[in-house]
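A.B. asks:
What follows is the structure in structure tokens.
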């Protein structure tokens, strides 16, 4: 092979290797990645919607019990896209960079749990949906009693330095502890990208486990929660660009595992 051709091939190969990390989940983000996310959000068109669709997975309903309906990832990159999309025409790339640098890298995961005919729904249809119904056969839904939700990944340690027994252990999924779990009432059951607005998480969230937060409350007394939005908050730097699994375990025997390939997401 001529030397000039070899040099050209080496340059192209090196360029491809340098570009690869930009196509996977990463934290912290480079200035170039922040700028890319900003412009994607400013487009606010079909390409933006297609981008978000990669981060949402809709699940099949069970025969009975609560419906683990949807799981969505919000990486630092997608959070910038969302912030830019919501402020099209009034937001600059420089401001996006400043906003990102002022915030710690967080990974948010949203799990939507819908009430069904066999879990929770009838309690909120009644005009007397309050604690008095605890005397019925069906208890008030309690997230902390009925569910366990988490994120897990395989060990990040290299297999080359492990013994066979250690390799077997490393092949197991390891649970990553969230920094925080935020619980919100949900009033819709349609599946799609759910806009990420961090301010809403602090303003409308609750995390009580004594049942007091589950009594319906609405001014017109006719709109009732249809389920929960569960937000898991993680330090993004503790999550590897690798396969990840969101798991939901219920007390009625459901074990829902939702895989995500973070090497294909940004």
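Residue numbers (the numbering used here): 980 to 1245. C-beta: ideal position from N, C-alpha, C; glycine also. These numbers were taken from a predicted model, which means no experiment stands behind them.
Are there 16 or more other CB atoms within 10 angstroms of the CB of residue 1227, so buried, or fewer, so exposed?
C.D. replies: Here residue 1227 refers to the residue found at position 248 when the chain shown is read from its first residue. The residue is buried, with at least 16 neighbouring Cβ atoms inside 10 Å.
A.B. asks: Quickly, what does DSSP pair residue 1234 with across the bridge? List them, please.
C.D. replies: Here the question's residue 1234 lines up with position 255 in the chain shown. 1228, per the DSSP bridge assignment.
A.B. asks: So who's on the other strand from residue 1240, going by DSSP bridges?
C.D. replies: In the chain shown, residue 1240 corresponds to position 261, counting from 1. For residue 1240, which the question treats as bridged, DSSP gives the partners 1222.
A.B. asks: Is residue 1052 helix, strand or coil by DSSP?
C.D. replies: Numbered from 1 along the chain shown, position 73 holds the residue referred to as residue 1052. In the structure shown, residue 1052 sits in a strand (DSSP, three-state: E or B).
A.B. asks: Are residue 1209 and residue 1090 touching if we call contact CB-CB under 8 Å?
C.D. replies: Locating residue 1209 in the chain shown gives position 230, where the first residue counts as 1. Locating residue 1090 in the chain shown gives position 111, where the first residue counts as 1. A contact, by the Cβ cut-off of 8 Å.
A.B. asks: Here's the rule I'm using: 16 or more other beta-carbon atoms within 10 Å means buried, otherwise exposed. How should residue 1047 be labelled?
C.D. replies: Against the chain shown, residue 1047 aligns to sequence position 68. The residue is buried, with at least 16 neighbouring Cβ atoms inside 10 Å.
A.B. asks: Which residues bound the alpha helix (DSSP H) around residue 1156?
C.D. replies: What you label residue 1156 is simply residue 177 of the chain shown in a count that begins at 1. Taken as a continuous stretch (DSSP letters only), residue 1156 belongs to no alpha helix (DSSP H), as it is neither H nor E.
A.B. asks: Might you give, ordered along the chain, the residues of its own chain that have their beta carbon closer than 7 Å to the beta carbon of residue 1030, omitting 5 neighbours on each side?
C.D. replies: Stepping through the chain shown from its first residue, residue 1030 is reached at position 51. Taken in chain order, the residues that qualify are 1019 and 1060.
A.B. asks: So, for residue 1040: in the same chain, excluding its five sequence neighbours on each side, which residues have a beta-carbon less than 6 Å away from its beta-carbon?
C.D. replies: The sequence position of residue 1040 within the chain shown is 61, counting from 1. Closer than 6 Å at Cβ, skipping near neighbours: 1046.
A.B. asks: Do you know offhand how far residue 1125's Cα is from residue 1049's?
C.D. replies: Here residue 1125 corresponds to residue number 146 of the chain shown, with the count starting at 1. Here residue 1049 corresponds to residue number 70 of the chain shown, with the count starting at 1. Residue 1125 and residue 1049: Cα-Cα distance of roughly 17 Å.
A.B. asks: Helix, strand or coil: which one does DSSP assign to residue 1068?
C.D. replies: Here residue 1068 corresponds to residue number 89 of the chain shown, with the count starting at 1. Here residue 1068 sits in coil by DSSP.
A.B. asks: Would you please state the rounded distance, in angstroms, between the beta carbons of residue 1004 and residue 1236? I believe it to be under 8 Å.
C.D. replies: By one-based count along the chain shown, residue 1004 stands at place 25. By one-based count along the chain shown, residue 1236 stands at place 257. With a Cβ gap of about 19 Å, residue 1004 and residue 1236 do not count as contacting.
A.B. asks: Alpha helix (DSSP H) containing residue 1086: first to last residue?
C.D. replies: As a working note, residue 1086 is residue 107 in the chain shown. Residue 1086 -> not in any alpha helix (DSSP H); beta strand (DSSP E) instead, spanning 1085-1093.
A.B. asks: Could you check which residue in 1075, 1120, 1128 and 1083 has the C-alpha nearest to that of residue 1096?
C.D. replies: The residue you call residue 1096 lines up with position 117 of the chain shown. Nearest C-alpha to residue 1096: 1120.
A.B. asks: Tell me which residue opens and which closes the beta strand (DSSP E) that residue 1128 is part of.
C.D. replies: Counted from its first residue, the chain shown places residue 1128 at position 149. Here the beta strand (DSSP E) through residue 1128 covers 1126-1133.
A.B. asks: Could you pull out every residue in the same chain whose Cβ sits closer than 8 Å to the Cβ of residue 1083, ignoring the five residues on either side in sequence?
C.D. replies: As a first step, residue 1083 must be located in the chain shown, where it is residue number 104. Annotation for residue 1083: 1214 place their beta carbon closer than 8 Å to its own, counting only its chain and skipping 5 residues before and after.
A.B. asks: Taking the alpha-carbon positions, what's the residue 1056 to residue 1008 distance?
C.D. replies: The sequence position of residue 1056 within the chain shown is 77, counting from 1. The sequence position of residue 1008 within the chain shown is 29, counting from 1. Looking at the two C-alpha atoms, the distance is approximately 7 Å.
A.B. asks: What number of angstroms, rounded off, separates the C-alpha of residue 1044 from the C-alpha of residue 1062?
C.D. replies: For this step, residue 1044 is matched to residue 65 along the chain shown. For this step, residue 1062 is matched to residue 83 along the chain shown. Whole-angstrom Cα-Cα distance: 36 Å.
A.B. asks: Here's the rule: buried if 16 or more other CB atoms are within 10 angstroms of the residue's CB, otherwise exposed. What is residue 1010?
C.D. replies: Residue 1010 sits at position 31 when you count from the first residue of the chain shown. Exposed.
A.B. asks: Return yes when the Cβ of residue 1173 is within less than 8 Å of the Cβ of residue 1051, no when it is not.
C.D. replies: Position 72 of the chain shown, counted from the start, is the residue given in the question as residue 1051. Position 194 of the chain shown, counted from the start, is the residue given in the question as residue 1173. For residue 1051 and residue 1173, yes; Cβs fall inside 8 Å.
A.B. asks: With DSSP run on the structure shown, which of helix, strand or coil describes residue 1060?
C.D. replies: Translated into the one-based positions of the chain shown, residue 1060 becomes position 81. Helix at residue 1060.
A.B. asks: Nearest to residue 1038 by CA position, among 1222, 1168, 1245 and 1067, is which residue?
C.D. replies: What you label residue 1038 is simply residue 59 of the chain shown in a count that begins at 1. It is 1168 whose Cα lies nearest to the Cα of residue 1038.
A.B. asks: How is residue 1163 classed by DSSP in three states: helix, strand or coil?
C.D. replies: To locate residue 1163, count along the chain shown from 1; it is residue 184. Correct three-state label for residue 1163: strand.
A.B. asks: Please specify which runs of the beta strand (DSSP E), each continuous and at least 3 residues long, are wholly inside the region 1008-1054, giving them in chain order.
C.D. replies: 1035-1037 and 1046-1053
A.B. asks: If I measure Cβ to Cβ from residue 1079 and keep anything under 8 Å in the same chain, skipping five residues before and after, which residues do I get?
C.D. replies: Within the chain shown, numbered from 1, the residue matching residue 1079 stands at position 100. Within the same chain, residue 1079 has close Cβ partners 1008, 1013, 1055 and 1059.
A.B. asks: Taking the C-alpha atoms as reference points, what is the distance between residue 1203 and residue 1073?
C.D. replies: Here residue 1203 refers to the residue found at position 224 when the chain shown is read from its first residue. Here residue 1073 refers to the residue found at position 94 when the chain shown is read from its first residue. Straight-line Cα distance between these residues: approximately 42 Å.
A.B. asks: Under DSSP, the beta strand (DSSP E) around residue 1208 begins and ends at which residues?
C.D. replies: Here residue 1208 refers to the residue found at position 229 of the chain shown. 1206-1214 is the span of the beta strand (DSSP E), which, as asked, contains residue 1208.
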